[in-house]
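Per mature numbering (1 follows the signal peptide of the UniProt record, and there is no 0), the sequence shown runs over residues -17 to -1, 1 to 318.
Where a beta carbon is used, it is the ideal one built from N, C-alpha and C, also for glycine.
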Amino acid sequence: MRAWIFFLLCLAGKALAAPQEALPDETEVIEDPTTEEPVGANPVQVEVGEFEEPTEDVEEIVAENPCQNHHCKHGKVCEVDDNNSPMCVCQDPSSCPATAGVFEKVCGTDNKTYDSSCHFFATKCTLEGTKKGHKLHLDYIGPCKFIPACLDTELTEFPLRMRDWLKNVLITLYERDEDNNLLTEKQKLKVKKIHENEKRLEAGDHTVELLARDFEKNYNMYIFPVHWQFGQLDQHPIDGYLSHTELAPLRAPLIPMEHCTTRFFEACDLDNDKYIALEEWASCFGIKERKYRVEREWGWEGHQKAPQKPRLGMNQCITAGPGEGKAGESGERGL
């Protein structure tokens, strides 16, 4: 009897053990696909994953942020109103990036030094609609300092140095422009003639008498540099006339080095309409009056003056100006 009971228990134990022994087999089949190598082991998988997710994120940002492609002028930032529409509001000056040094400071026409152009334009924006805001413009790059008055004799000398500097700037661009596209092919051909002319006065610290004589002897070398600079500034809009804003990229860096800059450009505006036409610009530099034709590379057409608009602040800047080498002296000579 005991033997029979023992036999039944063995059969029951075997029956119970059978599914338990099958469990590891089933477990292996189920778990095999999930036993993967860590993410990153498969370069293709990682590459696809990294490619797809940012794309979806970018699309979501564009869809959710109306300010993504909404442009605001200097001094303003984009915010979304209650209707989820973008609008430009004045930037808080305290939100401007921290400045790295004195070279980022600018001087306003209120004779106040601002930490950066960002701080200046943000401040100007908060004054919109006021008399003070209408008169406030970016005067020059660098901290405010004493700038002596420009004497009549000094004003006469200014265009001599300026013409020579413009010519030398073009020569330098031509010499450095291999594949940098600093000049167009048409511009290169014109500058090449100046560069290869043996009569060209080399760059140097020349007397005003020598500069005046060279201008008379080699007059044709100076025509294109003067016109070229006008075309570089005439950009917003391209219409053949320089506004205060368009002139600022040249004017703002010059003032601390050439104290006659402001008076010179004011004198160029012969009809006092706050715009400098090409004819007025050429006359300021002693280029003879002639019938000016449209230059395709400049892009502007016609010679009707644009409607008078209020003067605006600087909307772009350059990193170097004439006479940088002498900026550390008295600031009275730079070209």
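Taking just the CA atoms, how far does T109 sit from K59?
9 Å
Please report how far the alpha carbon of L156 lies from the alpha carbon of V63, in whole angstroms.
44 Å
To the nearest angstrom, how far is it from the Cα of F207 to the Cα of K173?
8 Å
Cross-strand partners of T205 (DSSP beta bridge)
The displayed chain sequence assigns Tyr, not Thr, to residue 205. Per DSSP, none; premise fails for Y205.
Just mark D147 as buried or exposed, buried being the case when its beta carbon has 16 or more other beta carbons within 10 Å.
buried
Length of the line joining the Cα atoms of G84 and F103
16 Å
By how many angstroms is the C-alpha of R144 removed from the C-alpha of L194?
7 Å
Buried versus exposed, by CB contacts within 10 Å (16 or more), D254:
exposed
Please list the terminal residues of the continuous beta strand (DSSP E) segment that includes D64.
Looking at the DSSP string, D64 is not in any beta strand (DSSP E), and its letter there is neither H nor E.
Report buried or exposed for I221, applying the criterion of at least 16 other Cβ atoms within 10 angstroms of its Cβ.
exposed
V191 to M240, Cα distance in whole Å?
17 Å
Which of helix, strand or coil does DSSP assign to I270?
coil
Length at least 4, wholly inside the stretch 174 to 206: the alpha helix (DSSP H) runs in chain order:
191 to 200
Alpha carbon to alpha carbon, how far is L225 from D217? Give it in angstroms, no decimals.
6 Å
Per-residue burial, T228 [other beta carbons within 10 Å of its own, 16 or more giving buried]
buried
Exposure label - residue 322; buried when at least 16 CB within 10 Å
With the chain running from -17 to 318 in the structure shown, residue 322 is simply not present.
Would you call the CB atoms of N67 and P80 closer than 8 Å?
no
By how many angstroms is the C-alpha of A105 removed from the C-alpha of Q74?
5 Å
Relative to the alpha-carbon of G91, which residue among S77, S78, G116 has its alpha-carbon at the smallest distance?
G116
Is it buried or exposed, L153, if we count other Cβ atoms within 10 angstroms and call 16 or more buried?
buried
By the three-class DSSP mapping on this structure, what secondary structure does K56 have?
coil
Report back the beta-carbon spacing between K171 and Y205 to the nearest angstrom; my notes put them in contact at under 8 Å.
Actually they do not touch by this definition, with Cβ atoms about 18 Å apart.
Compute the Euclidean distance between the alpha carbons of T139 and K200, then round it to the nearest angstrom.
19 Å
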